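In what follows, a structure is listed as C-alpha cells, so that the remarks can point back to it.
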Amino acid sequence: MEYTAKKFTLPSLDGISDESVKQHIGLYEGYVKNFNAISAKLVEYAKESTEKNAIALGELVRRKSFEFDGMRLHELYFTQFEGGSKALDEQSGLGKALSAEYHGYFVEYLKAIAGIRGPGWAILYYDPAGKQFQMGFAGEQHQGHFVTLPVILALDVWEHTYILDYGAAGKGKYVDAFFKNLNWGVIEQRFEKATT
Ligand SMILES: [Fe+2]
C-alpha cells in the first residue's frame, strides 16, 4: 500500500520563512514519492527474478530506508511546529525528566549536536527500558539511529533548512529559530506515549 504525504497545519514561523518551509515540505513530499516508487520497483524486480536483478535489488533496498527515514523524520519535524510556539512545562513528565538527566544543559547539548558538520539530524530519543534519554546525530537520516527507541524531538540540520534564510554559514541562527517556534506540548505528548 502506498504512503500518502501528510498535510501540516503550520503557523507562520519566527525566523524561518514561509518560502523556506514551502520548499522544505516539497522535499518531504519527495521522500514519500520516492519511497513509494522504490517499494513498487522492488516488488517488480523480485517477482521478475531475484537472481537477475540482484544488484539493482541490493541498491534499492539501501535507498529504501533512506527515503523512509526522511519521510518519517520530516513528519515528526513539521508536527513540532503545529499549534504554535509553546514553552516546555517544567512540571510535565518531560520537563522533570529532562531536568533530572541534563541539569539545565539539554538545549545547549542538543544545539552542539546540531552543529556537527555534514547533513543530518540532531535527535532526542527516550529509552523506556533503560529509563533514560539518548541524544544522537543521525547522518543524512538513516545512519546512527538508536534502534527501537522512540523519537521525542527531531531537529533537521540539513543545509536546506537554513540556506535560503541565512546562507551557507547560517545553521546556528536557524537552530535558534527552530527552538523559538517549537510547540513543546507536542513533544511532551511524545514522551508521555513513550513512558506509558
Ligand atoms: Fe529536511
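In the numbering used here, the protein residues as written are 12 to 207.
Using N, Cα and C, we set each Cβ at its ideal position, and we do this for glycine too.
Remember, predicted model here, so these are calculated numbers, not experimental data.
- Item | CB contact flag (Val168, Gln91, <8 angstroms) | no
- Query: Is any heavy atom in ligand 1 found nearer than 7 angstroms to the beta carbon of His153?
  - Reply: no
- Give a single yes or no on whether His156 has its beta carbon closer than 7 angstroms to a heavy atom of ligand 1. no
- Query: Is DSSP giving Ala165 helix, strand or coil here?
  - Reply: strand
- Member of Trp195, Thr206 and Tyr116 whose CA lies at the smallest distance from the CA of Leu87: Trp195
- Task: Ignore the nearest five residues each way along the sequence and tell me which others in Asn47's own chain have a CB closer than 7 angstroms to its CB.
- Result: Glu13 and Tyr14
- Item | Asp187, DSSP secondary structure in three states | helix
- For the alpha helix (DSSP H) that Ile124 lies in, which residues bound it at each end? Phe117 to Ala125
- Under the three-state DSSP convention, the category Lys97 falls into: strand
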